[in-house]
Each structure stands twice: as C-alpha cells, then as structure tokens.
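Structure first, then comments.
Numbering (the working numbering), first residue to last: 7 to 233.
This is the structure we're talking about:
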C-alpha cells in the first residue's frame, strides 16, 4: 500500500513539473521592415493545401512539414498596390533627422485567390511587425526589444478591429551624423573666435597708444631723476 502511494505521488509530481506542450499558431505572418526600406514577409502555415499563383510567393517546407512562404516588396508604396496583402496602411512624416511612421488598418478587399483571403478566417493566428525604429505607441499584445509588435488573434482578419496598430520613430543615421558633425564644427568655431577676440583685446590693452605714452612718460621721468 505504501509503495502504491509513493508511486502515485511520484507520478503526480512528474505531471506537475513536466512542461505542457504549446501548440503553434495555425498562421504566423511576420512583416519585417528592413533598413533599406524594403518589406520582407514570412508566413508559416500548418496546412499546405493552398492554391497560390506562381511567382508572387516563394514556398518551402520545413522539417515539421510546415509550409513557409516568403515575399519581398520594394517599399510601402508598392505594398499598397498589391492585391494580396494584409489590410495595413502606413503613413510617414519626415523631419530633419527622424521619421515618424503610423500603422493603421484599412478596409481592403483582397483578391479571393490570394494568400490573405484564403487564410484570413483560419483560427489561431499571430501577426508580428518588426521595424528598424523605436515603437512609441501600439495596440499589440506584446513588444519585443522596442522594435517588434506581436498580436495574438483568434483569426487573422480580426486585426482590422484595431484602428491604430503602432506608431514608431526612425532616426536617419547619415543625416544625424552630418548634423552632429556640423554642430561640433560650429561649437569649435565659436570657441576659436572667442579665443581670438580675447587675444585681440589683450594685444589692444597691452599695446594701446595710451599705454605707450604712459610708458614713455615713465621712462622720461626716470631719466630726469637719474640726471
């Protein structure tokens, strides 16, 4: 009896400490905004029975027989022209050394034969947007390293329920470097001009006509006293 109780307790302890396997999302759609402005999309799907047009998506399968689709677009302007895409709208405002981008959703009629239309209603989806900037505002479920927003969705098309997806700030490294160098040159120049002005004032004070006359008067007085 005691052995049975010990075995039962041991089995219960094993079940409590053993990790519960996590089910992967049926849809995992990742959007990566790269440094050169292009957009890379990586879509992982548990199902492979999709009818997709050749050429738009590059497809492979991994060791777990998941379908992996990839696509690259030149920029957001070209992305907005696609008939098969996420219902995203991106607006950018450019300033001197930085850019502010806002991601919103939009009512978009995707091509029925496209990838998005075929998988939008699949249950259990994840959408992530990664960008080379700093995310300041968002409606995501979590943020990774201030540069990636992740939404956990019952269905992929539920993303349209979020009006504002995220707002991010981007710094232009080249313009920022040029601006900093320019400011450094200006500051150094100002210090140099101040130093020159001080030297000029010292020279004027030391060799002014009034001081020369006083020195000559002192010299003549000294010579008279010696005589």
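Every residue, glycine too, gets a C-beta built ideally from N, C-alpha and C.
Beta-carbon gap between residue i and residue j smaller than 8 Å
i	j	result
residue 92	residue 35	yes
residue 32	residue 59	no
residue 301	residue 111	Here the chain covers residues 7 to 233 and nothing more, so residue 301 does not appear.
residue 43	residue 89	no
residue 66	residue 54	no
residue 85	residue 141	no
Close beta carbons around residue i, own chain, < 6 Å, minus the five adjacent residues each side
i	result
residue 37	47 and 135
residue 77	47 and 63
residue 82	96
Contacts around residue i, its chain only, beta-carbon distance under 7 Å, and the 5 residues preceding and following it disregarded
i	result
residue 104	175, 176, 177 and 178
residue 156	132, 134, 146, 147, 148 and 150
residue 122	90, 91, 92 and 116
Same chain, Cβ closer than 8 Å to residue i, five either side skipped, listed in chain order
i	result
residue 160	129, 130 and 131
residue 57	119 and 124
residue 106	98, 99, 173, 174, 175 and 176
residue 71	54
Reference residue i; option with closest CA among the options
i	options	result
residue 137	145, 126, 150 and 125	150
residue 172	89, 95 and 67	95
residue 144	126, 168 and 197	168
residue 41	153, 192, 74 and 208	153
DSSP three-state assignment for residue i, whether helix, strand or coil
i	result
residue 53	coil
residue 77	strand
residue 83	helix
residue 123	helix
Counted within 10 angstroms of its Cβ, other Cβ atoms place residue i as buried (16 or more) or exposed
i	result
residue 163	buried
residue 124	buried
residue 49	buried
residue 194	exposed
residue 61	exposed
CB contact check: residue i to chain D, cutoff 8 Å
i	result
residue 174	Of the protein chains in this structure there is only one, and it is not chain D.
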